[in-house]
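The sequence shown maps to residues 26 to 214 in my numbering.
Virtual Cβ for every residue (Gly too), placed ideally from N, Cα, C.
Below: the structure, in structure tokens.
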Amino acid sequence: MAEAKDDIVLSIRGMCKSFGRNRVLDHINLDVKRGTVMGLMGENGAGKSTMMKCLFGTYQKDEGKIFLNGKEISFSGPKDALENGIAMVHQELNQCLERSVIDNLFLGRYPVNSMGVVDEGQMKKKAADLFRKLGMTVNLTQPMRNMSVSQRQMCEIAKAISYNAQVIVLDEPTSSLTVQEVNKLFEMM
């Protein structure tokens, strides 16, 4: 039985990407059904991260098409992807370690009040609500540098979830997590 097109949230058709003479992605096709969790497995260097970065706009694909809810999309960069419903947690954490958890959560999208001033009360409420929904206890004012790598990874996952994206791409999300954190992540998904 063929899948209904309405069930497919993300579709990749014929995606290719090369770096010089090295073809990393060779006509990749992939469909992701709405409400599902999908895992990609393969050896190191197989192109999984490259495909995700093409999807997120970090890299530009050489060929192929990407569809979100049946509409062809092409992102000029990660900000464009986020604004259009795709969030990503990268394998390599990219955080401002001297800044607090809450600053890292809202970096580049601080809520402002009617006077154009950053609304710290709204930030604290949204952040506390998010972490509570995810079952995480986090000191929002703690600098990221004082957290373990696994705690920082969980904060990045929470940040991706906070975008209310239609698709969240996680690149090796469990590589730095403890067994308990892996279980919590799988519960969240």
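Limits of the unbroken alpha helix (DSSP H) element including residue i
i, result
"Phe156", "Glu145 to Lys158"
"Asp128", "Val126 to Phe131"
"Glu210", "Here the sequence assigns Leu to residue 210, which means Glu is not the residue at that position. Start and end: Val204 to Met213."
Closest residue to residue i among the options (Cα-Cα distance)
i, options, result
"Val137", "Val126, Lys151 and Ser125", "Lys151"
"Met161", "Glu88, Lys209, Met214 and Lys104", "Lys209"
"Leu80", "Lys58, Asn69, Lys42 and Arg59", "Lys42"
Same chain only: Cβ atoms within 7 Å of residue i, ignoring 5 sequence neighbours per side
i, result
"Met26", "With a pLDDT of only 43 at Met26, under 50, the local geometry of the prediction cannot be trusted, and the value read off the model is given with reservation. If we look at Met26 and ignore the five residues flanking it on each side, it has no Cβ neighbours."
Residue range of the unbroken beta strand (DSSP E) whose run includes residue i
i, result
"Asn47", "Asn47 to Lys58"
"Val34", "Ile33 to Phe44"
"Val194", "Val192 to Leu195"
Under 8 Å between C-beta atoms of residue i and residue j
i, j, result
"Asn54", "Ile37", "yes"
"Met113", "Met76", "no"
"Ala183", "Phe156", "yes"
"Asn129", "Met169", "yes"
Contacts around residue i, its chain only, beta-carbon distance under 6 Å, and the 5 residues preceding and following it disregarded
i, result
"Glu197", "Gln116"
"Ile193", "Ala112 and Ala185"
Next on the checklist: I'd like the ranges of any beta strand (DSSP E) spanning at least 3 consecutive residues and lying wholly in the segment 77–145.
Outcome noted: Here the runs fully enclosed are 88–93, 96–98 and 111–114.
Next on the checklist: I'd like the ranges of any alpha helix (DSSP H) spanning at least 4 consecutive residues and lying wholly in the segment 164–190.
Outcome noted: Correct list: 174–187.
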